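Undergrad: Structure in structure tokens, see below.
Protein chains: 2
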Amino acid sequence: MEKKIAPLSRLIDQFERMPGIGHKSAQRLAFYVLNMTDGEAKSLTAAITEAHEKIRRCSVCCDLTDTESCSVCENPSRDRSVICVVEDPRDVMAIERTHEYNGLYHVLHGVISPLNSIGPEDLTTKELISRLSDNTVSEVIMATNPTVEGEATAVFLSRIIKPLGITVSRLAYGVPVGADLEYADEITLSKAIEGRKTL
Amino acid sequence: MEKKIAPLSRLIDQFERMPGIGHKSAQRLAFYVLNMTDGEAKSLTAAITEAHEKIRRCSVCCDLTDTESCSVCENPSRDRSVICVVEDPRDVMAIERTHEYNGLYHVLHGVISPLNSIGPEDLTTKELISRLSDNTVSEVIMATNPTVEGEATAVFLSRIIKPLGITVSRLAYGVPVGADLEYADEITLSKAIEGRKTL
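The following block contains the structure:
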């Protein structure tokens, strides 16, 4: 008979449901919460409630935002002729960190995955297509993950978008900078050879 | 210029403060919260608030409880002549899981650690000594962690308790030295209880 304290078990339970959190970590997090001051516990619950209530999808690019449309879509200095299509809001953050890209984004919130019965209608495909109707966009960059599903989603979307007379491009494949050739997998390496550039 | 959404950053920040949670995990947890239903988010904040408000120290053994005194101290079938002294509430849980021990507990909420300026007065030493005054206790088992500080705390307490005519024992070194009681497996822990030595 394990000693049970109902409110503690419930809290451990809540943490255990989170991704990447096992029982021991959930326990550690719960004890961390118990040792918080009242003020700290209030800030934590307030942050959860606030984020959950205020954050929604940008009405233009479907990225996450706490305003009607997101800071990228609102920014007048961004190039409105290019849209970079990504799977997830975290991919937007990753690309923004490169400081290399000045166009707009479109967040699909997933990839086409027949095995998980996710079809194009479960993604923000419709919103993407409707953004292409006013002729301001000249290029769509497919930046879905280089996985089978990401690839399939990119091909699916490009078949819809290319007939509209818009250039569709895909992120380059190759060996990651700083990596060791020895450890690159065969497919990545052959893609890198295939896509070699003249120096 | 990383794209910042204030409520999201605040939430990531909150998770990042938790033990064992780095920036990437904090981000993953924050996105998990965003994808919760309203009901799920409410259960999470309710669990945090409830645990934080209701859980306090047992008035007898200083273990965590949501009642005046904890379920072990309240249980009439527990042997009131033995007290097992542990550092942390998680150690109580670990020992209870062995089903080997039927006495009471006392939770110190720490160990004597001069380097961190934690002295006996910062632990529940006083509460422990006062429990020994009515002559019902005949043995105190020191189950502090088998670390330098846990050892020192056990020796310190035994020097106070032995003069009271109470047997003081120590967990046997079945537990691997340098490890944390919380992570010991049930068999090792019950061997350690079985083989406890008089100090």
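Those sequence lines, one after another, are chains A and B.
Taking the numbering used here, the leading residue of the first sequence gets 48, the next gets one more, and so forth.
Taking the numbering used here, the leading residue of the second sequence gets 48, the next gets one more, and so forth.
Where a beta carbon is used, it is the ideal one built from N, C-alpha and C, also for glycine.
Keep in mind that this is a model prediction, so the values were computed, not measured.
Using a Cβ cut-off of 8 Å (strictly closer), state whether R137 of chain B contacts chain A.
TA: yes
Undergrad: Identify, in the order they occur along the chain, each residue of the same chain with its Cβ nearer than 7 Å to the Cβ of P44 of chain A, setting aside the five sequence neighbours on each side.
TA: Here chain A comprises residues numbered 48 to 246, so residue 44 of chain A is not present and cannot be evaluated.
Undergrad: Using a Cβ-Cβ cutoff of less than 6 Å, which residues in the same chain neighbour E186 of chain B once the five nearest sequence positions on both sides are dropped?
TA: V129 and T214
Undergrad: Quick check on S164 of chain B: does DSSP put it in helix, strand or coil?
TA: coil
Undergrad: Assuming C131 of chain B contacts G157 of chain B under a Cβ cut-off of 8 Å, what Cβ separation, rounded to an integer in Å, is found between them?
TA: The Cβ separation is near 16 Å, so there is no contact.
Undergrad: List the endpoints of the continuous beta strand (DSSP E) containing T145 of chain A.
TA: Segment: none, T145 of chain A is in no beta strand (DSSP E) and carries neither H nor E.
Undergrad: Going by DSSP in three states, L91 of chain B sits in which element: helix, strand or coil?
TA: Correct three-state label for L91 of chain B: helix.
Undergrad: Distance, Cα to Cα, T84 of chain A vs S177 of chain B?
TA: Taking the CA atoms as reference points, T84 of chain A sits about 28 Å from S177 of chain B.
Undergrad: Please go through the same chain and pick out, in chain order, the residues whose beta-carbon is closer than 8 Å to the beta-carbon of K173 of chain B, but skip the five residues on each side of it.
TA: none
Undergrad: Can you look up I159 of chain B in the DSSP assignment and give me helix, strand or coil?
TA: coil
Undergrad: Taking 6 Å as the limit between beta carbons, can you name the residues of its chain near V222 of chain A, skipping five residues before and five after?
TA: A231 and A239
Undergrad: My understanding is that I207 of chain A touches D113 of chain B, with C-beta atoms under 8 Å, so please give their C-beta distance in whole angstroms.
TA: Actually they are not in contact, since the Cβ atoms of I207 of chain A and D113 of chain B sit about 57 Å apart, beyond 8 Å.
Undergrad: Hey, how far is the Cα of K244 of chain B from the Cα of I142 of chain B?
TA: The alpha-carbon of K244 of chain B is positioned some 17 Å away from that of I142 of chain B.
Undergrad: Using beta-carbon positions only, say whether T194 of chain B and I159 of chain B come within less than 8 Å of one another.
TA: no
Undergrad: Would you grab the beta carbon distance between S106 of chain B and E100 of chain B for me? Rounded to a whole angstrom, and I think it's under 8 Å.
TA: The pair is not a contact, with the Cβ atoms about 17 Å apart (cut-off 8 Å).
Undergrad: Where do the N-terminal and C-terminal ends of the beta strand (DSSP E) with E186 of chain B fall, by residue?
TA: E186 to M189
Undergrad: Mind checking I234 of chain B: buried by the 16 CB within 10 Å criterion, or exposed?
TA: exposed
Undergrad: Name the residues in the region 84 to 101 of chain A whose C-beta lies less than 9 Å from a C-beta of chain B; which are they?
TA: D85, E87, A88, K89, S90, L91, T92, A93, A94, I95, T96, E97, A98, H99, E100 and K101
Undergrad: Of all the CB atoms in chain B, is at least one closer than 8 Å to the CB of R57 of chain A?
TA: yes
Undergrad: Closer than 9 Å by beta-carbon distance: list the chain B residues that pair up with P123 of chain A, in chain order.
TA: Neighbours of P123 of chain A on chain B: none; closest Cβ ~15 Å, over 9 Å.
Undergrad: I'd like the list of long-range same chain contacts for D138 of chain B, defined as Cβ closer than 7 Å, with 5 residues on each side in sequence excluded.
TA: A190, L228 and E229
Undergrad: Quick one: Cα of S24 of chain B to Cα of T145 of chain B, how far?
TA: There is no way to answer for residue 24 of chain B, as the model of chain B reaches only from 48 to 246.
Undergrad: Could you give the DSSP three-state label for L111 of chain B: helix, strand or coil?
TA: strand
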